[in-house]
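Undergrad: Counting in this note's numbering, the sequence shown runs from 1128 upward without gaps.
This is the structure I want to talk about, given as structure tokens.
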Amino acid sequence: MSLIDNEHQLPVGLGMRLALDMDAMKNFVNLSDQGKKQLVDYIEGSTTGDEAKNRVTDVVRNLHSGETFR
């Protein structure tokens, strides 16, 4: 079962980071499916592993603070 919808899977790194930050997880769960997809697309648009890790860090930090994406 996906946290997004039946077609889109949550990246493992993002799922692990969200599991460690309940505020970020709560805010992620409250996003619309489209909002979740935008976050995943942003992370998956990374061209390197380091860039993906940095994007995950930024996304989780923003979710923790309750900020909207981008």
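Idealized CB from N, CA, C, for every residue including glycine.
1) Comparing alpha-carbon positions, which option in E1194, T1195, V1183 lies nearest L1147?
2) In the DSSP assignment, find the unbroken alpha helix (DSSP H) run with H1191 in it and report its ends.
3) When the Cα atoms are used, what is the spatial distance from L1141 to S1159?
4) Expressed to the nearest angstrom, what Euclidean distance is found between the alpha-carbon atoms of V1186 and T1174?
5) Helix, strand or coil: how does DSSP classify D1148 here?
TA: With the structure as the only source:
1) When only C-alpha atoms are compared, the closest one is V1183.
2) 1176-1192
3) 17 angstroms
4) 17 angstroms
5) coil
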